[in-house]
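Q:
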Amino acid sequence: MLRLRWSDGRPRPSYLTLAMPYHVVAFTMAQVRQGALGFQRDLGAVLRERPEIKVYSASPFDLDERRRFKDRFGGDIVYFLNDAASQECERMGLDLNFLADLSEDELPRRRTLVVGMPEPR
-7 MLRLRWSDGR PRPSYLTLAM PYHVVAFTMA QVRQGALGFQ RDLGAVLRER
43 PEIKVYSASP FDLDERRRFK DRFGGDIVYF LNDAASQECE RMGLDLNFLA
93 DLSEDELPRR RTLVVGMPEP R
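Using this note's numbering, you'd call the opening residue of the sequence shown number -7 and step up by one each time.
#1: Please go through the same chain and pick out, in chain order, the residues whose beta-carbon is closer than 6 Å to the beta-carbon of P100, but skip the five residues on each side of it.
#2: Is the region 35 to 50 in contact with the region 89 to 97, if contact means three or more CB pairs nearer than 8 Å?
#3: Taking just the CA atoms, how far does P112 sit from Q26?
#4: Among V24, R40 and F19, which has the Cα closest to the Cα of V107?
#5: How would you call S6, buried or exposed, if buried means at least 16 neighbouring beta carbons within 10 angstroms?
#6: Between L105, V24, M21 and Q23, which lies nearest to L73 when the distance is taken from Cα to Cα?
#7: Taking CB distances under 8 Å as the criterion, tell me whether P43 reaches chain D.
#8: Look at the Cβ atom of G85, then the Cβ atom of A18, and state whether they are nearer than 8 Å.
#9: Consult DSSP for D97 and reduce its assignment to one of helix, strand or coil.
Here it is in C-alpha cells:
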C-alpha cells in the first residue's frame, strides 16, 4: 500500500492532524490530463459509508484567491482534504503528495465543495 507523505517524504507528525485538519494537494494541468483527479471519483464512491469526507477547492469565481493558493503551493489546481478524506485515500492506497496542512481558518474564504455531502442550511 502506498503511504501519504509530505512532498519532502517526511511522515506527518500526528499532532498536526489534530491542530491542522486540512491537507493540501496541488496538481499541474499535465497531471490532470494524466488522470490525477481520479481520487475524486474514488472518494465519491464511499460517501455513503463516510459522509464526513470533505474535499474543497478555491471558488472558480474568486480568481485572486485561486491565484494566491496557486502561487503558494504551485500547481494549477489546489485541493484541501479533511482528515476523513486523507485517511480514506490512504486506506484505498491512493498516492497523493500532500504539500502542507492548514487550519480551517486558512482555507479560501470562498470555496467549492468538490467531494462530500453539502451541509444542511
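Ideal Cβ positions, reconstructed from N, Cα and C, are used throughout, including at glycine. Note that the coordinates shown come from a computational prediction; the quantities given were computed from them, not determined experimentally.
A: Looking at the coordinates:
#1: Result list for P100: A50 and E57, in chain order.
#2: Output reads no: the region 89 to 97 does not touch the region 35 to 50.
#3: The alpha-carbon atoms of Q26 and P112 are separated by roughly 35 Å.
#4: For V107, the closest of V24, R40 and F19 by C-alpha to C-alpha distance is R40.
#5: Only weak support is given to the placement of S6: the predicted model assigns it a pLDDT of 47, under 50, and the question is left unresolved by the model.
#6: Scanning L105, V24, M21 and Q23 for the CA closest to the CA of L73 turns up L105.
#7: Among the chains of the structure shown, chain D does not appear; only one protein chain is present.
#8: Contact flag unset, no.
#9: Helix.
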